[in-house]
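Colleague: Protein chains in written order, with my numbering: chain A, 1 to 265; chain B, 1001 to 1098. Glycine included, every Cβ here is placed at the ideal spot set by N, Cα and C. Take a look at this one; I'll ask things after.
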Amino acid sequence: MVKKHELPLPSEEDIALLHKSPTTFEDDNVHKIYDEIANHFSSTRYKPWPIISRFLQSIEKHAMGLDAGCGNGKYLPLAEHLFGLDRSVNLLKHAQRAGDADKQVVLADTLHSVTRRHIFVGILQLQHSHLTYRQDYAISIATIHHLATEKRRVESVQSLLNSVCLNGGRILVYVWALEQGEDSRRAVPENSTTSSNSKGLDVWVPWVNKADGRVYNRYYHLFERGELRCITEEASVQSKVKIQVVQEGYEKDNWYIELRTHGSI
Amino acid sequence: MCRIEIREQEFNADFIRAFFPKLDYGVLKSTLESLGDDSLKLDSVEDIDGQPEDFLRLLHKVLLEMDVTQGEMTCGNCQHKYQINEGIPNMLLGADEI
Chain A
1 MVKKHELPLP SEEDIALLHK SPTTFEDDNV HKIYDEIANH FSSTRYKPWP
51 IISRFLQSIE KHAMGLDAGC GNGKYLPLAE HLFGLDRSVN LLKHAQRAGD
101 ADKQVVLADT LHSVTRRHIF VGILQLQHSH LTYRQDYAIS IATIHHLATE
151 KRRVESVQSL LNSVCLNGGR ILVYVWALEQ GEDSRRAVPE NSTTSSNSKG
201 LDVWVPWVNK ADGRVYNRYY HLFERGELRC ITEEASVQSK VKIQVVQEGY
251 EKDNWYIELR THGSI
Chain B
1001 MCRIEIREQE FNADFIRAFF PKLDYGVLKS TLESLGDDSL KLDSVEDIDG
1051 QPEDFLRLLH KVLLEMDVTQ GEMTCGNCQH KYQINEGIPN MLLGADEI
């Protein structure tokens, strides 16, 4: 039996701050933390998860892809033309040399960058030409559970839908589950109730940093069963991109969904 | 200040041919020129399959091997300047710019 650590819940004041300014809240409780813990965090993130490896192995030759929320870039070496995007510059410094090879990365927001494709001209055309065009595929791994509101989580999926080809573009999204398996070291507080108008649960996930011994509480929105499907369908309606669900399921305490675009609605 | 580094990558003619139709060749050419590089001589390319290997190798070099490690990009629409530091373009916008 694995020793469980119960995850702390945000206070009412925390939630008030979250709603007052989701972007400031994410800056303080996600981005700044990853920049602080990047070295230690990166040293613990090297093992690819099976569903994601299989997805990347199934990508067609010469296809180009975006890893939106690439972190330390552990998936970048698994596909030939996959480039990384993240909010943490310190994690990107690791991603740049993922797999001991030169990788193309960009510091950007998963919500805006890809929908602002038109601005990616000039030098970026040279360096990241792929950014100016629709990708063949995109992955979002353990990323959108750091976004503070449902609206922003939907927008981030819209952004993925807009970043790939309108027909046959492939997307894989992977998020942390509220339903933690028996081997998980984390436990969701038993008496926690989610508010009636939203699904899932907002929690703090502590990180004990090796360098300074400090505990950093990262913000996570844990997804409950069916929630990921629900926000992808909403994103499809909002972005007017028709989607087909290729597969969905649960793997290692996470929910995942694989989509294929199918023209516009 | 602008700094460019060349990082060798394995040449793959098929990839360049497959990628080329997605490219805006004119923008690529003018971008290179803005960096003081006039190695792309053709004004436009109608048929990539009809191009000699030398040309594909040139494209390979400017697309995959040339890395702007320090510099800035100016948005063609709004003139916003985006910095590139240590090979990482910073596309983040301030809260007032979104």
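Looking at A/Ala95 and A/Gly84, is the spacing between their C-beta atoms short of 8 Å?
Modeller: Yes, Cβ-Cβ distance for A/Gly84 and A/Ala95 is below 8 Å.
Colleague: Let me know the secondary structure DSSP gives B/Glu1033 once reduced to three states.
Modeller: In this structure, B/Glu1033 counts as helix in the three-state DSSP scheme.
Colleague: Between the beta-carbon of A/Pro50 and the beta-carbon of A/Glu258, is there less than 8 Å?
Modeller: Contact flag unset, no.
Colleague: The beta strand (DSSP E) that contains B/Phe1011, what's its start and end?
Modeller: Note, B/Phe1011: premise wrong, no beta strand (DSSP E); not H, not E.
Colleague: Measure from the C-beta of B/Phe1011 to each C-beta in chain A and report whether the shortest distance is under 8 Å.
Modeller: B/Phe1011 does not count as touching chain A.
Colleague: Please check if any C-beta of chain E sits within less than 8 Å of the C-beta of A/Asp67.
Modeller: No chain E appears in this structure, whose protein chains are A and B.
Colleague: Within 10 Å of its beta-carbon, does A/Ala38 have 16 or more other beta-carbons around it, so buried, or fewer, so exposed?
Modeller: Classification for A/Ala38: buried.
Colleague: Grab the span of the alpha helix (DSSP H) containing A/Lys4 for me, first residue to last.
Modeller: Careful: A/Lys4 lies outside any alpha helix (DSSP H) and carries neither H nor E.
Colleague: Output yes or no for whether 8 Å exceeds the beta carbon distance between B/Ala1013 and A/His62.
Modeller: No. Outside cutoff.
Colleague: Just checking: is the beta-carbon of A/Leu92 within a distance shorter than 8 Å of some beta-carbon in chain B?
Modeller: Yes - at least one Cβ of chain B is within 8 Å of the one on A/Leu92.
Colleague: Inspect the CB distances between the region 68-79 of chain A and the region 134-144 of chain A and report whether three or more fall short of 8 Å.
Modeller: The answer is yes - the region 134-144 of chain A touches the region 68-79 of chain A, with three or more Cβ pairs under 8 Å.
Colleague: Is the separation between the beta-carbon of B/Arg1003 and that of B/Gln1070 shorter than 8 Å?
Modeller: Yes, the pair counts as a contact, with Cβ atoms nearer than the cut-off.
Colleague: Check whether the region 178-189 of chain A touches the region 3-23 of chain A, taking contact to mean three or more Cβ pairs, one atom from each stretch, closer than 8 Å.
Modeller: The answer is yes - the region 3-23 of chain A touches the region 178-189 of chain A, with three or more Cβ pairs under 8 Å.
Colleague: Are the region 1023-1043 of chain B and the region 224-238 of chain A touching by the rule of at least three beta carbon pairs closer than 8 Å?
Modeller: These segments do not touch.
Colleague: Which of the three DSSP states, helix, strand or coil, is assigned to A/Ile33?
Modeller: Note: A/Ile33 maps to helix in three-state DSSP.
Colleague: Residues of chain A with a CB under 7 Å from the CB of B/Arg1007: which are they?
Modeller: Here the neighbours are Asp102.
Colleague: How many Å lie between A/Leu78 and A/Val154 at the Cα?
Modeller: Straight-line Cα distance between these residues: approximately 27 Å.
Colleague: Can you pull the chain A neighbours of B/Gly1087, defined as C-beta to C-beta under 9 Å?
Modeller: Here the neighbours are Gln96, Asp102, Gln104, Val105 and Gln127.
Colleague: Can you check which of these residues, A/Asp28, A/Arg87, A/Gly169 and A/Leu18, is closest to A/Val241 by C-alpha distance?
Modeller: Comparing Cα positions, the closest option is A/Gly169.
Colleague: Distance, Cα to Cα, B/Pro1021 vs B/Lys1061?
Modeller: So the alpha carbons of these two residues sit roughly 17 Å apart.
Colleague: Start and end of the alpha helix (DSSP H) containing B/Thr1074?
Modeller: Unbroken run through B/Thr1074 is the beta strand (DSSP E), Met1066 to Thr1074; no alpha helix (DSSP H).
Colleague: Quick one, which of B/Ile1016, B/Asp1043 and B/Leu1023 has its alpha-carbon nearest B/Glu1053's?
Modeller: The option with the nearest alpha carbon to B/Glu1053 is B/Ile1016.
Colleague: If you measure from the CB of A/Gly84, is any heavy atom of the ligand ZN nearer than 7 Å?
Modeller: As presented, the structure is devoid of all ligands, the ligand ZN included, so that no description of it is given.
Colleague: Hey, does B/Arg1092 have any beta-carbon neighbour from chain A nearer than 8 Å?
Modeller: Here residue 1092 of chain B turns out to be Leu, not Arg, going by the sequence shown. By this cut-off, B/Leu1092 is an interface position.
Colleague: Please return the same chain residues whose Cβ sits closer than 7 Å to the Cβ of A/Asp35, not counting the five positions on each side in sequence.
Modeller: Answer for A/Asp35: Ser88, Val89 and Asn90, listed in chain order.
Colleague: List the residues of chain B that A/Asp35 touches, going by C-beta distances under 8 Å, in chain order.
Modeller: The premise fails here: A/Asp35 is roughly 12 Å from chain B at the closest Cβ pair, so nothing lies under 8 Å.
Colleague: So A/Trp204 packs on A/Pro10, CB below 8 Å; how close in whole Å?
Modeller: With a Cβ gap of about 6 Å, A/Trp204 and A/Pro10 count as contacting.
Colleague: Look at the alpha carbon of A/Trp207 and the alpha carbon of A/Tyr46, and state the distance between them as a whole number of angstroms.
Modeller: Distance between the alpha carbons of A/Trp207 and A/Tyr46 is about 17 Å.
Colleague: Just the C-alpha distance for A/Ser163 and A/Tyr137, rounded to the nearest angstrom, thanks.
Modeller: Going by the C-alpha atoms only, they are around 8 Å apart.
Colleague: If we require 3 or more residues per run, which beta strand (DSSP E) segments fall completely within the region 152-194 of chain A?
Modeller: 167-176, all fully within the region 152-194 of chain A.
Colleague: Do you know how far the Cα of A/Glu224 is from the Cα of A/Val246?
Modeller: A/Val246 and A/Glu224: Cα-Cα distance of roughly 20 Å.
Colleague: Output the distance between the C-alpha atoms of A/Asp202 and A/Glu13, rounded to the nearest integer angstrom.
Modeller: Distance between the alpha carbons of A/Asp202 and A/Glu13 is about 13 Å.
Colleague: Can you tell me whether A/Ile52 is buried or exposed, with buried defined as 16 or more other CB within 10 angstroms of its CB?
Modeller: Buried: at least 16 other Cβ atoms inside 10 Å.
Colleague: Does the distance from the CB of B/Met1001 to the CB of A/Val106 come in under 8 Å?
Modeller: Cβ distance not < 8 Å, so B/Met1001 and A/Val106 don't count as in contact.
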